[in-house]
Amino acid sequence: MNVVWAATALETGFFSGLERHSNVQDLEAHIKALGTGLGQGYLEIRRPDGDLPYLALGFKGDHAVLHLFDDSGGVSLRGGDDCVAPSAEVEVVIMDELHVFTADVALSMDHAWDIVHDFIQTGTPGELNDWYEL
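Residues in the sequence shown are numbered consecutively from 1, following the numbering used here.
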């Protein structure tokens, strides 16, 4: 399965909007390299059959936040998975800056990758009631 993505560059640590067309394994390798090399990163991921919908994944360490940009131009945040205490906050990279999010939208990095992988395979971001529309 092929995917289109843009991501934080390993060389600079800054987001590059230059889209890459690759297989899922290359995307996964880049995410792992970001985690190992920089400890954080930001990616925009879509299927090759259209510009929308796409997912934006921001992460730092083991925590991630997912944004969904849908066909109608709406933006939503994926509900959290209880990976942190309800009163906790997490910092993740969005584009090139760290942003703070509450526990209700914090995901473990593994769970976030599972959602991205399912999206690449199916073209759907999961159950709509799992997303908070902004």
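Glycine is no exception: its CB is placed at the ideal position from the N, C-alpha and C atoms.
- DSSP, read as helix, strand or coil, puts V84 in coil.
- The beta strand (DSSP E) runs lying completely inside the segment 33-114 and spanning 3 residues or more are 40-46, 54-60, 63-69, 75-78, 89-94, 97-102, given in chain order.
- Going by C-alpha positions, C83 is about 6 Å away from S108.
- Per the C-alpha coordinates, the member of W113, L68, D110, V100 positioned closest to L128 is L68.
- Under the three-state reduction of DSSP output, A6 falls in the strand class.
- Taking C-beta separations shorter than 8 Å and ignoring five residues to either side along the sequence, the partners of L10 in its chain run H30, A33, L34, G37, L38, following chain order.
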